[in-house]
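Student:
Residue numbers (mature numbering (1 follows the signal peptide of the UniProt record, and there is no 0)): -24 to -1, 1 to 342.
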């Protein structure tokens, strides 16, 4: 299909940008010779952008570990590998190999670093790293810690993430000293207007007499009401007594209309990636698409926090007058809902490093 070549190019650009600028590949050698890229310490010459016979002769280095494999509708596969050193994932050390149905290597894209002998040692645990970060930013949210190796400084550090309402803070913690060396935020924002009063059929689940859940029977979509509070304090699965999701409440919680749109459009997004790219949800392994509506109060925005899409209710008449513009509940716009969930696709396929350039690419490719 016409969209697939663009997808391959987009993934190529994302992977290459995440690892730094890449010059021309090294000399491929004589026809038939296997190609193994060793590279120097933090040397971008380790970058790869191979195709054709050169890609077929590439041999995956022993320090690369398979992370994820996706299958396109035409049978081609895309496998992403992570460079690992002493049990730590090397930052920016990723290679993606696109293979034909017969298993031939069609494209090799990414980067691998050579001499990444660590300059420090691991003296604290993942739990220690989380406690250090929690003391600075609080303990709320869903946490993830991973040991990484920076090829620039050749130092071990823990990447500590916390997915929470309104933000997705990331901290780098030196694995030897426990010092926080970098602070980032993976929150992805988008804006839109919508909720047009149109009728929609939504997939729900009956949970008992006079109780229906805004969760699809297959569990692939679920929609929550954040009750105009922070998610970690107010999120509840949306319910109804007669499966007629039409309760109005001046757009604020418990108004069901934003939930209907978010839930319906999440299903549209899920089916689009299944039908057009043969992809099984965001991670290609069936992860549910989780939507949150009634986020905060006067929020004319939407964002992806690493695990779910969140949508604001727009502006009240009073606030709109103060702001000088109107904004209706965000889930009414399909393009906004699709944009936020596509951040999830990018997360699982490319795992972009959270820097200015890759964040710009992340927004641009949605």
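In this text, a Cβ means the ideal position worked out from N, Cα and C, and glycines have one as well.
Closer than 8 Å is the cut-off here; do at least three beta carbon pairs connect the segment 235 to 255 with the segment 191 to 204?
Tutor: yes
Student: Using a Cβ-Cβ cut-off of 8 Å (strictly less than) and excluding sequence neighbours within five positions of residue 354, which residues of its own chain qualify?
Tutor: It is not possible to answer for residue 354, since the shown part of the chain is limited to -24 through 342.
Student: To the nearest angstrom, how far is it from the Cα of residue 191 to the Cα of residue 44?
Tutor: 27 Å
Student: Go ahead and pull the three-state DSSP assignment for residue 231.
Tutor: coil
Student: Measuring alpha carbon to alpha carbon, tell me which residue in 35, 51 and 85 is nearest residue 254.
Tutor: 51
Student: Should residue 267 and residue 285 be called a contact, given that it needs their Cβ atoms to be closer than 7 Å?
Tutor: Yes, these two residues count as a Cβ contact at 7 Å.
Student: Going by DSSP, which residues form a beta bridge with residue 57?
Tutor: For residue 57, which the question treats as bridged, DSSP gives the partners 42 and 71.
Student: Rounded to a whole number of angstroms, what is the C-alpha to C-alpha distance between residue 42 and residue 247?
Tutor: 27 Å
Student: Cα separation between residue 61 and residue 283?
Tutor: 27 Å
Student: Along the chain, where does the alpha helix (DSSP H) containing residue 313 start, and where does it finish?
Tutor: 310 to 325
Student: Just reading off the alpha helix (DSSP H) that residue 104 is part of, what are its end residues?
Tutor: 102 to 113
Student: Please determine, among 136, 87, 97 and 88, the residue with the shortest C-alpha to C-alpha distance to residue 111.
Tutor: 136
Student: Based on Cα-Cα distance, which residue from 204, 287 and 88 lies nearest to residue 313?
Tutor: Here the closest residue by C-alpha is 287.
Student: Measure the C-alpha to C-alpha separation of residue 205 and residue 152 and round it to an integer number of angstroms.
Tutor: Rounded to the nearest angstrom, the two C-alpha atoms are 38 Å apart.
Student: Just list the residues that DSSP pairs residue 150 with in beta bridges.
Tutor: 133
Student: Could you check if residue -19 is buried or exposed, using at least 16 other CB atoms within 10 Å of its CB as the buried criterion?
Tutor: Because the pLDDT at residue -19 is just 29, under 50, the model does not fix this residue reliably, and the value given afterwards should be weighed accordingly. Residue -19 should be labelled exposed.
Student: Grouping DSSP H, G and I as helix and E and B as strand, with all else coil, what is residue 126?
Tutor: strand
Student: Please classify residue 165 as buried or exposed, where buried requires at least 16 other C-beta atoms within 10 Å of its C-beta.
Tutor: For residue 165, the predicted structure reports a pLDDT of 40, less than 50, and the residue's modelled location is therefore unreliable. A value from the coordinates is still provided. By the neighbour-count rule (16 or more Cβ atoms within 10 Å), residue 165 is not buried but exposed.
Student: Any chance you could list the alpha helix (DSSP H) runs of at least 4 consecutive residues sitting entirely within the segment 232 to 302, in chain order?
Tutor: 233 to 253 and 293 to 299
Student: Determine the burial state of residue 77: buried for a count of at least 16 other Cβ atoms within 10 Å of its Cβ, exposed for fewer.
Tutor: Residue 77 should be labelled exposed.
Student: Residues bridged to residue 307 by DSSP?
Tutor: DSSP lists no partner for residue 307.
Student: Residue 187: buried (16+ other C-beta within 10 angstroms of its C-beta) or exposed?
Tutor: exposed
Student: Between which two residues does the beta strand (DSSP E) holding residue 211 run?
Tutor: Looking at the DSSP string, residue 211 is not in any beta strand (DSSP E), and its letter there is neither H nor E.
Student: Going by CA-CA distance only, name the one from 120, 161 and 101 that's closest to residue 132.
Tutor: 101
Student: If you reduce the DSSP assignment to three classes, tell me which class residue 28 lands in.
Tutor: helix
Student: Rounded to whole angstroms, what is the Cα-Cα separation between residue 115 and residue 27?
Tutor: 46 Å
Student: Taking residue 39 as the reference, give the member of 92, 84 and 46 with the closest Cα.
Tutor: Among 92, 84 and 46, the Cα nearest to that of residue 39 belongs to 92.
Student: Please check the pair residue 35 and residue 59, which I expect to be a contact at CB under 8 Å, by giving their CB distance rounded to whole angstroms.
Tutor: Not really, about 14 Å apart at Cβ, beyond 8 Å.
Student: Could you compute how far the alpha carbon of residue 222 sits from the alpha carbon of residue 185?
Tutor: 19 Å
Student: From the DSSP output, read off the bridge partner residues of residue 201.
Tutor: Residue 201 is bridged to 212 and 269.
Student: Around the C-beta of residue 122, are 16 or more other C-beta atoms found within 10 angstroms, so that it is buried, or is it exposed?
Tutor: The residue in question, residue 122, is exposed, as its Cβ has fewer than 16 Cβ neighbours within 10 Å.
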